[in-house]
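Numbering (my numbering), first residue to last: 2 to 925.
Ideal Cβ positions, reconstructed from N, Cα and C, are used throughout, including at glycine.
What follows is one structure encoded as structure tokens, with my remarks underneath.
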């Protein structure tokens, strides 16, 4: 059997239309890297030496020269993006030869595979799109979507295993038809090139339309797609001149081979939902069979060894090949696709309405699909001459707030659709022959490049994949204003530290808005200043603030501060270190026990140190000063502190005589921490021993808590001296307390002479009591008693004399009255005898005599009684004196017992005892 004579033994199986799978448009990008001259030469050779080496850039002149292609460049030089007009060097024409298929085309789908071989004397790639397993599809497409407003020409071979072939006859039953499959051809689809083989339904859906599967699921079709090719199996809606092969019949005599049927070549499309549009009759479709395939389509080759063969003779050896040329042109919104058989009579054209955003860019490639009937089908791509689709990308140069930088206008870059554009800080490569283009950001005076956003979504992850819609192509090159930060060091109270100089960061002009202060090139100046502060009373940073009032805290350290869009100042608050000032005490010596105790109590109640922190006030403190003493407080330099409040360190004298040290743990002008120590020295105050006389003051000098000597008292004639109320002729020796010692000197008159009653017992006793009195109070009482005794004695004496005289007078008068009454009675009796007096007169004279006698007796009795009363009074008075004198003796005796050997007290005791003896003698 000849290879062209396909067997007709197989019977064609029924096929069902398949739904197409819709996939999103995803740009396929090829990475680029900076290449050396050798690699570029190799690439140029691979590309047919038809690609420029550099991008189109702006000349130094204000005019922009489009098409300034520099073929002399031997390296892919990095460009600043604002100088680039065309990322592809101004030439968007491209020719891919049969030696570059694997580089410039991408395959997809389960049926896809490539095999290397040779065609027309050159190496070539033989692409299988459906294999020998059935129920599969595959595709190969140019790796960029094409601008459908640009022309292109594609030369290719359609590779088959066989045409549709009828089944062979059998002895009993015939054999099924040998269908070649479903579809093979050219596809234009508005999807990503790498999605072509996995989108759209298989089998009767021709790899493009929607497919409803037997299990109820639906595979979406490819919307707005166009394909040209060979349909091998007739389904509903297909061209009517497509005839399926038939099965063979059975019987040794009547059995026969089935009909080979036909296959048709023509255009098919999908609607906006991806459904395959139906065909009306035979319009636009030409059929062919075994006999006409070579003349119409130009197929050549031996064909299959057997009608039932389903594969090529080898991976790069198709059984049938037909050279074809596809030409696409565009005019006024309509594209025209023309397919011609290079070695046949076939020619067909299809007009395609091009709508921006719908099908203005499409993937161009080849696809095959099979169902239950299948065979190996594929293509050999020989040459693709095209103009790549382009789009404009707007490049903005903006600050942090998104505002355009003054003097830096936006620029526009033209590039191929699906190329990538990105900004890098190093390793940039404007690869005109590739699909990935990287640029550097321009240098703008006073600004620093900080990053780039891409697309309308402003993604910070690049690069930008160029869309066929210009409005989607945006690159925002972001800059931050260069500025400086001045760091001012302040203490915990917000006071600027003159001892730690401020530091200006960003002086090199390279730090920018939003950058951390710690990223400054001169950050070491700050750390050096901070180290100085740490060595002089500070432990570190407690916070960084944006304002001098320290109301807005940026953070814990300088890393929280950032450069702004203008120079600014931040305030670095330092953490003060703990500080201690010691206080030592020098005690006064030679003090009394009371003075030493007072001094010890003062020291124990006073602080021995002042604790605080650098550049802060001393804490509340009280230096106690004992009464009667003075405290002198000196600092470590020997300077005596005083109460002058104009001095940084001074004293406050409190109402109780204590002191408070006022000061702070300050830094000196040299930056060193002055941590003072203080010495408190106590000294006893000068005091006096004072003799305060009624009419003058005398004194002797001394010191508080010291001793003083006895001092004589000035004596006055006729007076007795008293010291603080005690009879004495000198002030005693003693010990000072905290203040002056004052003795009050008083005088009392000596007792007056008693005269004629001096020897009266009461007088002598009273005088003894005066002499025995040791206190001024007792002396004055005894003197009063003495004067009273003298007066009483004198009065008693006078009264006795008066009484005696009265008795004498009373007795004389009563005797005279008796005598007179007796004489009168005698006279009356004589007269009566003479008869010159009456009886009554005798009675009256007798009564008068009797009365005179009675009065005389009464007077005598009264005189006796008075004399007795006076004597008893004297006795009572003497007894009282004896009792008082005895009490005085007891008191003086007790005093003498406590002070043995004291002659003064002994003399007073002897005097009192003598007065007692005198009083007892008077009583007897």
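Residue i versus residue j - alpha carbon distance
{"i": "residue 136", "j": "residue 378", "result": "13 angstroms"}
{"i": "residue 190", "j": "residue 447", "result": "49 angstroms"}
{"i": "residue 428", "j": "residue 138", "result": "41 angstroms"}
{"i": "residue 302", "j": "residue 441", "result": "55 angstroms"}
{"i": "residue 756", "j": "residue 784", "result": "16 angstroms"}
{"i": "residue 909", "j": "residue 781", "result": "16 angstroms"}
{"i": "residue 275", "j": "residue 261", "result": "32 angstroms"}
{"i": "residue 220", "j": "residue 397", "result": "43 angstroms"}
{"i": "residue 326", "j": "residue 132", "result": "24 angstroms"}
{"i": "residue 683", "j": "residue 637", "result": "17 angstroms"}
{"i": "residue 677", "j": "residue 620", "result": "14 angstroms"}
{"i": "residue 736", "j": "residue 693", "result": "18 angstroms"}
{"i": "residue 778", "j": "residue 852", "result": "58 angstroms"}
{"i": "residue 340", "j": "residue 88", "result": "33 angstroms"}
{"i": "residue 164", "j": "residue 292", "result": "10 angstroms"}
{"i": "residue 218", "j": "residue 208", "result": "16 angstroms"}
{"i": "residue 240", "j": "residue 183", "result": "13 angstroms"}
{"i": "residue 355", "j": "residue 361", "result": "6 angstroms"}
For residue i, the nearest candidate out of the options (CA to CA)
{"i": "residue 698", "options": "689, 558 and 706", "result": "689"}
{"i": "residue 597", "options": "567, 628, 616 and 416", "result": "628"}
{"i": "residue 539", "options": "577, 160, 320 and 145", "result": "577"}
{"i": "residue 608", "options": "535, 231, 626 and 267", "result": "626"}
{"i": "residue 374", "options": "348, 320 and 309", "result": "309"}
{"i": "residue 696", "options": "745, 734 and 276", "result": "745"}
{"i": "residue 197", "options": "230, 264, 142 and 386", "result": "142"}
{"i": "residue 264", "options": "234, 459 and 368", "result": "234"}
{"i": "residue 366", "options": "106, 401 and 844", "result": "106"}
{"i": "residue 177", "options": "249, 150 and 203", "result": "249"}
{"i": "residue 372", "options": "112, 331 and 704", "result": "112"}
{"i": "residue 659", "options": "631, 667 and 888", "result": "631"}
{"i": "residue 612", "options": "623, 591, 599 and 580", "result": "580"}
{"i": "residue 84", "options": "386, 765, 435 and 410", "result": "410"}
{"i": "residue 470", "options": "216, 505 and 417", "result": "417"}
{"i": "residue 100", "options": "768, 193, 352 and 383", "result": "383"}
{"i": "residue 527", "options": "516, 558 and 514", "result": "558"}
Min CB distance residue i to chain D below 8 angstroms
{"i": "residue 297", "result": "Protein chain content of the structure displayed is limited to a single chain, and chain D is not contained in it."}
Three-state secondary structure assigned by DSSP to residue i
{"i": "residue 771", "result": "helix"}
{"i": "residue 94", "result": "strand"}
{"i": "residue 148", "result": "strand"}
{"i": "residue 793", "result": "helix"}
{"i": "residue 835", "result": "coil"}
{"i": "residue 800", "result": "helix"}
{"i": "residue 54", "result": "Residue placement at residue 54 is flagged as unreliable, the pLDDT there being 30, under the threshold of 50; the coordinate-derived value follows with that caveat. Reduced to three states, the DSSP call for residue 54 is coil."}
{"i": "residue 742", "result": "strand"}
{"i": "residue 270", "result": "strand"}
{"i": "residue 164", "result": "coil"}
{"i": "residue 69", "result": "Caution applies to residue 69, whose pLDDT of 27 falls short of 50 and renders its modelled position unreliable; the model cannot decide the point."}
{"i": "residue 4", "result": "In this predicted model, residue 4 has a pLDDT of only 34, less than 50, meaning its place in the structure is not dependable enough to derive any value."}
{"i": "residue 625", "result": "coil"}
{"i": "residue 276", "result": "coil"}
{"i": "residue 384", "result": "strand"}
{"i": "residue 920", "result": "helix"}
{"i": "residue 757", "result": "helix"}
{"i": "residue 228", "result": "strand"}
Check: residue i C-beta below 7 angstroms from any heavy atom of the ligand GTP
{"i": "residue 331", "result": "This structure lacks the ligand GTP, and indeed carries no ligand of any kind."}
According to DSSP, residues forming a beta bridge with residue i
{"i": "residue 679", "result": "584 and 636"}
{"i": "residue 480", "result": "450"}
{"i": "residue 120", "result": "123"}
Inter-residue CB distance, residue i and residue j (contact presumed, cutoff 8 angstroms)
{"i": "residue 564", "j": "residue 507", "result": "6 angstroms"}
{"i": "residue 893", "j": "residue 916", "result": "With 8 angstroms as the limit, residue 893 and residue 916 do not qualify as a contact, their Cβ atoms being about 11 angstroms apart."}
{"i": "residue 555", "j": "residue 574", "result": "In fact, because the Cβ distance is near 11 angstroms, the residues do not count as touching under 8 angstroms."}
{"i": "residue 749", "j": "residue 721", "result": "5 angstroms"}
{"i": "residue 453", "j": "residue 473", "result": "16 angstroms between Cβ atoms; not a contact."}
{"i": "residue 126", "j": "residue 102", "result": "4 angstroms"}
{"i": "residue 386", "j": "residue 154", "result": "5 angstroms"}
{"i": "residue 661", "j": "residue 667", "result": "Going by Cβ atoms, the distance from residue 661 to residue 667 rounds to 18 angstroms, so no, they are not a contact pair."}
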